[in-house]
Structures are given as C-alpha cells and as structure tokens.
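Heads up: the structure comes next, in structure tokens.
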Amino acid sequence: MDKKPSAEKILYVVDTVAGWQALLIYLSMHTMLGFIGHATFSALPYILGALIVASAVTATVITLAKNNKILLIVTLTVNGVALIGSLAYFFAMLTHFRSFLLSGLSILAFYVFVAIVVYLIFYFPKQNFKGKNLVAAVLCAVLVGGALLNFTDFRTLRINFISDEAAVYAVGDEYQIVWTTATEGMGWVEIGGESYYDEYAGSKRTNEKVHKVSVPAEVLDEHKSYTVCSRAMLSEQGFSGLNGYKVSKTYSFRPVDDSDGIQAYAVSDSHDYNGIVKKTADYYGDKTDFIVIAGDAVSFVDTETDLARILNLAHSLTGGNIPVVFARGNHEVKCPDAENLHKYVGSEGENFYYTFRLGSVWGVVLDMGEDHADDWYEFYDTAVYNNYRAAQVEFLDEIIASADSEYNAEGVEYRIAVCHIPTAMVGYSSDYMYDVAVKINERLNQMNLDVMLSGHLHQIFKIEAGYEAGRPLFYRTEYSGKEVSATPDFLAAGANFPTVLVSRRSDVQSVTESESKFGYKFIGTALELTSEEKTARYTDADGQVLFSINPFENIDYGKIIVL
C-alpha cells in the first residue's frame, strides 16, 4: 500500500511551485517593471528579480535533494510574499493583460523544458519499464536534432512557408507590400509579368524573414492582382550557393473607387486585441476603400511576435486586398524590437512621417513620438523626440513648397491627416509639446484638410476646428460625469481643421464606464467623404452607430458627425 505524502513534503512542493509561479508572473511583466524602480532606484526591479530566482531555485534544490526546515521557512516566506506581490502588480496593470499572458506563455514553455530535463536526470534513470532504452534513444535523437536545427546552419532546412500574410501600405506614390516567411531568404512581388524585389544595393536580400517590397501604386491599381514570392537560401558561401524551393501566394487587389465617394475605416489603440477590431472595421464591407491604423496596435514591441501582430492586424482588416495607412503610436516605440517596426509597416525609410495618395485622397501621416518630455524617467536617456518632431516641421515646409504636386495636385478632392497623438490640443501640463504642435498646425492649416484622424486618449469625440492656440479646454460634466475642473484639461494648439479621435475599447462614448480590458468591446470610426458631405460615424463590433457629444461645448452630434 502506497504511503500518503507527509504534510512536510507537501509544503516543500507548495514552496517550489509558489516560487516558480511568482517568478513566471514577475518575468512576464518585465516591460512594466520600470515603474517599481523609478520611485526608488532603477536597479530595484533587477534585485527583486534576482531574489525571486534565488528563492525559487533554493526551494527546488531542497525539495529534490535535501530537506531543510530552516530554508523551507525562509523560502516559503519569500515565495509567498513574491507570489502575492506579483499577483497584486499583475492585476494593477491589467490593461496589459494580453501582453503579460503572451510573455508568460513563452516563459512557461521554458519551465516545461526545464521540468522535463529535471525528470530525465533525477527520475527517469530510476524507472524500469519495457522499451525504456527505445524511449531514451528517441529522447536523445530529439535533443540532438533540436540542437542542430536551432543552433547551427541546418536551420535553413526548415520547411519554408508564408507565416504572416501580406498587407499593402500606402506611402507616397507607391505601395509597400509586407509579409513574412518561416525561414530567411529572398522575397519579391510579381505584378503583370514584372518582378519587384526586396533588395539591398543591387542584391536581393537573403537573410530576412520579413519581406518589404515597394511597387508603383499605378501599376498595382491597373493590374489589380499581385503575387508575393520567397525562396530560402539553403547555403550561401563565397563562391557557391544552393537555393530552396519557391513559395508564393496571389492576392487580388481593389484600388480606391471614387465613383461613390470615399468610404474608409479608422481604428487605433487596440493594444494586442485583433479579433474584435476586425469585426468592428467590417462596417462598410466590400465598399471599404482603405483602412487607417492610427497607432498603438500593440502595448509593447518586445519581440518579433509583437511586430507580427501589427502586420496580422493590417492583413486581417484588409485581406491584403485594399490599402492600409499606418501611423506609429507611442506604445510602438517601447522595448527593443521597436527599432524593427519599419520593416513591418508603411514608412519612409526608418521614419514614420510621410504623405500618401489614394485615388482622389491626399494624406499626410505624422508621428509625435512619445507622450512625455525627452527627460522622462521611463525613457532612460534614450529619447530625442524633440529633434524628431522638429524634423517634421521642416518636412511640412517641404510639402507646402511642393503643394502643386502634393495636396493641390490634379485630381485631389479630399485631404486628411493621420497622427496617433492629436496635434489640435495638448494636455494642460504638456508644455514640452505645445510649441511644436502650434508650429505643425500652422503648416497643416495651409493644406485645407478635411480631417485629422487620431487616437491615444482612448476616447471618442470630435475636436472642433478653429480653437485658437492657447485656449483652455474643459471637459463638460455631461461628458466626464464630474464637475468642471478649475484647471483646464487641455490647451488648444490652433488647428483650423476638425480632429476625430477614432477608437475606444468600449461600446459607449461615456468615460464614466471603464474600457474593456480583455478585448471584447471596441469602437472605430467610419469615415465617408463625398462632394456633398463629409461625415464620421462611431460604430461598434455589432455594426451599431453610436450617439456622441462634444466634450468641451454644448453640442450633441447624434449618430452622424458632420466634419
């Protein structure tokens, strides 16, 4: 008869599980741990992490190798406090739940791998069962094969396929077509018998999984179809090479149709939740001319998975069949892989400000960078956004100097701007951005814009045109649910064009109701531009049009906002 485990043995197991669980939660939130250190000292998150690691490892050792009651008490206390503290921090930062969960899954996979290794070392040799030698041989082959595929050039022998499907970004007078493949290799696009390459200085790139190919917009508009192609390089040496097989997929393409006006749909601030955004953005169905993604599609750009999620959003909203206009959000500058964002989205080189032309629509995309001054603690002396914003003032001057080939070009009927952080107003305490916002608006005011599409505030409302620079703006009680503050909420920055904040993770305008933290509610903006009228509608995932009011003035828009 088997003996039941003693209470002491159960405590050892609980101690070990608590330690590793606390570490799992703590590490999964690594992108937010700077908040722990900024009010004390920057090394604190690392010290706490090292303490949790040490306690978890110690708990494991005394469980597996040698029981020690004193160490059990110490580690159980540390692991218990760490687990409770990590859980509390997790729920306090629940807005980033999706990012934490995905990070946690990768860490959990590593834990499972370590657990298997521990089992093989400590327990497998003690097992006696039929076929044990065969199991050992299979496990050995798997470990050796995995090592070869992951840590040597044999990785190029992996099966190649299109892993993230294509999206077509509008930039300037071209389309930038982006997709990814499972292995590194060449990428090109075929249109009407012509090939356009992902190339570098006269040579096809062979070391990229992310393929970005520029094609003339007029060519794709004419042929209405394109094929993305890739071929891995199995071996690439100084005087020899071996190509893999070609993988490809053909997409139909529908250019902007001006005959019934323009129907575009704009989204922002989805923060990792793609499914609900796709459902919401289908408001116009097959009549949609193009999609605008106005930033913060993810909460952090910490891994290639985050970057791929942005590309996946662009593809899911369009099927690769219509154009996308992309503006970078302030969350898409966070974490190490943010420097690779330009590979996955539309950009002018490595910059995220540019103009575009889609049929009778001319547009300009701007990027205000982060939403704090350059010396803000969480940037750790990496931010130079003042210079970046100043460069965009010069960029706008160049556009004005070339007006006849830009916003006054032949055939232009509608003019829009896209910027994640709205330039029409700044937070009352955001003096670091006020001056440059005024300068930007002085230039945009010369372009006769119909609307700017923005996000960032996680609210949905229209900022009326014509608020003079420096005018204080106060939230109405009818909008905020609170008494009007004695301190302004914003300062106007002198925009003579309307701005529409396009998205909120909710199904109501009222800010008295919290946003959905788990991605099951969303609001986007249906934009319609015709020669008779220019309008915006806020719609939810069920296709319902919402009522909205002006947050600063006694204006009720009803279901249709006239621009």
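For the sequence shown, position 333 (counting from the first letter as 1) is numbered 492 according to this note's numbering, and the numbering increases by one without interruption.
Note that the Cβ used here is the ideal one computed from N, Cα and C, for glycine as well.
About 19 Å separates the beta carbon of Ser662 from that of Gly586, a gap too long to meet the 8 Å contact definition.
When rounded, the separation of the alpha-carbon atoms in Tyr626 and Ser373 is 40 Å. Non-local C-beta neighbours of Asp357 in its own chain, meaning closer than 8 Å and more than five positions away in sequence, comprise Met345, Gly346, Trp347, Lys363, Arg364, Glu367, His370, Lys371 and Val372, ordered along the chain. Burial check for Phe398: the Cβ neighbour count within 10 Å stays below 16, so the residue is exposed. Taking a C-beta distance under 9 Å as the contact criterion, Ala596 and Met584 qualify as a contact pair. With fewer than 16 neighbouring CB atoms inside 10 Å of its own CB, Glu553 falls in the exposed class. When the Cα atoms are used, Ala651 and Asp594 turn out to be separated by approximately 11 Å. Secondary structure of Val504 (DSSP, three-state): coil. Straight-line spacing of the CA atoms in Phe656 and Arg696 works out to 17 Å. As a beta-bridge residue in DSSP terms, Glu333 pairs with Val330 and Pro375.
In terms of CA proximity to Ala467, Glu491 leads the group Leu686, Ile481 and Glu491. Tyr512 and Val523 have their C-alpha atoms some 7 Å from each other. In terms of Cα proximity to Arg574, the closest of Leu603, Ala645, Tyr638 and Met592 is Leu603. Membership of Lys228 in any beta strand (DSSP E) is not indicated; the residue belongs instead to the alpha helix (DSSP H) covering Lys228 to Ala251. Given a length threshold of 4 residues, each whole run of the alpha helix (DSSP H) inside the stretch 247-296 is given here in chain order: 256-281. Within its own chain, the residues whose Cβ lies closer than 8 Å to the Cβ of Ala549, once the five positions on either side in sequence are excluded, are Val595, listed in chain order. The shortest CA-to-CA distance from Pro495 to any of Tyr185, Asp465 and Glu395 is the one to Asp465. Within the DSSP secondary-structure output, Asp699 pairs in a beta bridge with Ile682.
A residue is called buried when at least 16 other Cβ atoms come within 10 angstroms of its Cβ; Cys299 does not meet this threshold and is exposed.
Boundaries of the alpha helix (DSSP H) around Ser639: Thr636 to Ser639.
Per DSSP, reduced to three states, the secondary structure at Lys598 is helical. Under the three-state reduction of DSSP, Leu207 is assigned to helix.
Per the coordinates, the alpha-carbon of Leu632 lies some 33 Å from the alpha-carbon of Val483. Counting along the chain, Ser475 sits inside no beta strand (DSSP E); it lies in the alpha helix (DSSP H) bounded by residues Glu463 to Thr477.
Look at Asn510 here: in three-state DSSP terms it is strand. Under the three-state reduction of DSSP output, Val492 falls in the helix class.
Taken through DSSP and simplified to helix, strand or coil, Phe706 comes out as coil. Judged by DSSP in its simplified three-state form, Met611 adopts strand.
Pairing Gly434 with Gly518 gives a Cβ-Cβ distance that is not under 9 Å. Shown here, Lys225 sits in coil according to DSSP, grouped into three states, outside any helix or strand. Taking the C-beta atoms as reference points, Phe485 is found no nearer than 9 Å to Val460. Counting the other CB atoms within 10 Å of its CB gives Thr646 a total below 16, which places it among the exposed residues. For Ile720, the pairing in a beta bridge is given by DSSP as Ala695. Met345 sits in a strand when the DSSP states are folded into three classes. If you check the CB distance, Leu612 and Cys578 come in under 9 Å. Here DSSP, grouped into helix, strand and coil, assigns Gln422 to strand.
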